[in-house]
Amino acid sequence: MSKINYDDLTKKIVEYLGGIENINTVTHCVTRLRLYLNDIDKADEEKIKNLPNVLGVVYGNQQYQIILGEHLFPVYDSLVKNYTVKTEEAIDENLDEELIKQASKKDFKYYFESVITFMAQSLTPFITVVYGAGMLKVILSLLNYIVPTVSATTTYKMLNFMSSAPFYFMPVLVAYGASKVLKANPAFSMAIALTLVFPAFNTIMEAGEPIKMLGLPVHLTTYGSTLLPGIFTAILCAYLEKLFYRIIPGVLRSVFAPLCVFLVGFPIVILLLGPVGNVVGSWIVAGIIWLQSKVGGFAPGIIAAAQPFLVMMGVNMLPVAPMMELFTRTGYDNVFRPGWILHNISEGGSCFAVALKTKDKEFRTTAISAGIGALVSGVSEPALYGVNLRLKKPMLSLVIGGLAGGAVAGFMGAKAFSMGYSSILGVVIFEKTMGAILAGVAVSFAVSFICTYFLYDGKSIK
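Dropping the structure here:
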């Protein structure tokens, strides 16, 4: 196989996107090059999709997304190195103007996608941290199970503090992420969010005695491990920061603008946004529990079956916020995390069936690589776009496999007790219900593999 010239591939991508002048801002995730274009109509989707090593194209969340899989980072590096282009972290007034123009349309799709994009980007830094903390918590739990006396050691206690802190200080971490998305100074929202989890503040809240601020009653509640109050705080602080830095004269700005942000922002958070965020979070969890009472153990299966379509629409991060609310308020997730894992297992099962049956050696290598990625790394895009969606029939198989495996895991009571990866490595977070998720894994893999093997003819490579 010849060596890939990523500079040439990048040059073609830029050309088919309408030239570098049509690219407003560039960012990326694990497998996708994500671009904000000045004029979406200038992009030639068919030509981009037909480029070698391009797995597909998706337009979602106001982003033009090019799925590159393992080729993403070389292409991104080539783009940044060879072209003058703004990344997501840069402040871009033209981008703001373009977003304002789009917002002026005031259509439902725009606002829906804006909310999804904002939530997903706000939670991205936090999710990375809690994955690590969640896996650490699982390791400590396993150690305590094997050697019960280890929990009395200072080392164990210190590591346990580390594994619990990111969850408890969730309002602070999500306030940081949301502030960065809003191009605001995260220190303001983080300071207010820190106050919400300040020990003395919690003592007053937990005392249960009525208190007032500015003559108004304060809702007695604690904010540790909450999600929405931190996001609402970041939105408010971003607005107040821009307001006060604009209206206060330059000579006084550095002192009085931050003061005004705190004097105005903190009471609004304590009296309104914090309680509202807690109530909305409770409603979300209540809604999930209500829906689960209607569909029972099928809930993880429905998530697993729907996930490939959410990925194709570019809104696969949509369930993150309700998942976090469910986890932090109940102590476990028996809907989303099982569904995500079993979807990836189904993707892998279909890929291995394709690899076994195809007569194309190069495509077999692609299918095996994508299957391993889905099973072990929990990254489904190469499997979805590089194999299963191309062949169409495996798509039906992986949906059936995800639904079947999810139902088995759901009815057997699979519950994720920590945050972790959406792959076979993530089964350890199910702790005492690990048998249930392993049964779901076996069913998802077997059903998707068998269905794909019989439906796929081994020739229909397109």
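Read in order, the letters of the sequence shown correspond to residues 707 to 1168 in the numbering used here.
Every residue gets a Cβ at the ideal spot worked out from N, C-alpha and C, and that includes glycine.
Please read these numbers as outputs of a predicted model, since none were measured by experiment.
1. Can you tell me where the beta strand (DSSP E) holding residue 772 begins and where it ends?
2. Does the Cβ-Cβ distance between residue 1093 and residue 1120 come in under 8 Å?
3. Within its chain, find whatever has a CB closer than 6 Å to the CB of residue 922; leave out the 5 residues flanking it on each side and keep chain order.
4. What's the gap between the Cα of residue 898 and the Cα of residue 1131?
5. Output the residue ranges of the alpha helix (DSSP H) runs that lie fully inside the segment 945 to 1022 and measure 4 residues or longer, sorted by chain position.
6. Just the Cα atoms here: how many angstroms apart are residue 1158 and residue 1080?
7. Using only CA atoms, which one of 1059, 1146 and 1025 lies nearest to residue 821?
8. Please give the ranges of any alpha helix (DSSP H) in the segment 861 to 904, keeping only runs that are unbroken, at least 4 residues long and fully inside the region.
9. Pull up the CB-CB distance for residue 883 and residue 931, whole angstroms please, since I reckon it's below 8 Å.
10. Does DSSP classify residue 1159 as helix, strand or coil?
11. Mind checking which residues open and close the alpha helix (DSSP H) that includes residue 929?
12. For residue 907, which residues from the same chain have a beta carbon less than 7 Å from its beta carbon, with the 5 sequence-adjacent residues on both sides left out?
13. Could you name the residues that DSSP lists as bridge partners for residue 762?
14. Within a Cβ cutoff of 7 Å, which residues of the same chain sit near residue 802, ignoring the five residues on either side of it in sequence?
15. Report the rounded CA-to-CA distance for residue 1009 versus residue 1109, giving the unit in angstroms.
16. Who are the Cβ neighbours of residue 1059 in its own chain at under 6 Å, not counting the five residues just before and after it?
17. What is the residue span of the beta strand (DSSP E) that residue 716 lies within?
18. Does DSSP classify residue 732 as helix, strand or coil?
19. Using the Cα positions of residue 1136 and residue 955, report the straight-line distance between them to the nearest angstrom.
20. By alpha-carbon positions, which one of 1106, 892 and 957 ends up nearest to residue 1006?
21. Measuring alpha carbon to alpha carbon, tell me which residue in 715, 926, 716 and 771 is nearest residue 740.
22. If you check the beta carbons only, do residue 935 and residue 979 fall under 8 Å apart?
23. Do the CB positions of residue 1111 and residue 1082 come within less than 8 Å of each other?
24. I'd like to confirm the pairing. Which residues does DSSP put opposite residue 923 in its beta bridges?
25. Among 928, 764 and 852, which one has its Cα closest to the Cα of residue 1018?
26. Note the first and the last residue of the continuous beta strand (DSSP E) segment covering residue 742.
27. Give me the Cβ distance between residue 844 and residue 1126, rounded to the nearest whole Å; I'm assuming they're in contact under 8 Å.
28. Only counting the same chain, and skipping five residues up and downstream in sequence, which positions put a Cβ closer than 7 Å to that of residue 917?
29. So, helix, strand or coil for residue 1034, using DSSP?
30. Tell me whether residue 858 sits in a helix, a strand or coil according to DSSP, three-state version.
31. Could you tell me whether the Cβ atoms of residue 943 and residue 894 are closer together than 8 Å?
32. Measure the C-alpha to C-alpha separation of residue 799 and residue 1128 and round it to an integer number of angstroms.
33. Apply the 10 Å Cβ neighbour rule to residue 881 and answer buried if 16 or more other Cβ atoms are within range, or exposed otherwise.
34. Take residue 824 and list the residues in its own chain whose beta-carbon comes closer than 7 Å to its own, dropping the five residues that flank it on each side.
35. Which residue from 857, 867, 819 and 854 puts its Cα closest to that of residue 839?
36. Whole angstroms are fine: how far does the CA of residue 1151 sit from the CA of residue 1098?
The structure says:
1. 769 to 773
2. no
3. 977
4. 37 Å
5. 956 to 974, 980 to 1001 and 1004 to 1019
6. 16 Å
7. 1025
8. 876 to 887 and 892 to 902
9. Rounded, the Cβ-Cβ distance is 16 Å, inconsistent with contact.
10. helix
11. Neither: residue 929 is in no alpha helix (DSSP H) and is coded neither H nor E.
12. 901
13. 773
14. In this prediction, residue 802 has a pLDDT of 39, which is less than 50 and means its spatial position is unreliable; what the coordinates show is noted afterwards. If we look at residue 802 and ignore the five residues flanking it on each side, it has no Cβ neighbours.
15. 8 Å
16. 1155, 1158 and 1159
17. Element bounds for residue 716: not the beta strand (DSSP E) but the alpha helix (DSSP H), 712 to 722.
18. strand
19. 56 Å
20. 1106
21. 771
22. yes
23. no
24. 918
25. 764
26. 738 to 743
27. 7 Å
28. 910 and 924
29. helix
30. helix
31. yes
32. Bear in mind that a pLDDT of 37 at residue 799, under 50, signals an unreliable position, so the model cannot answer this.
33. buried
34. 887
35. 867
36. 18 Å
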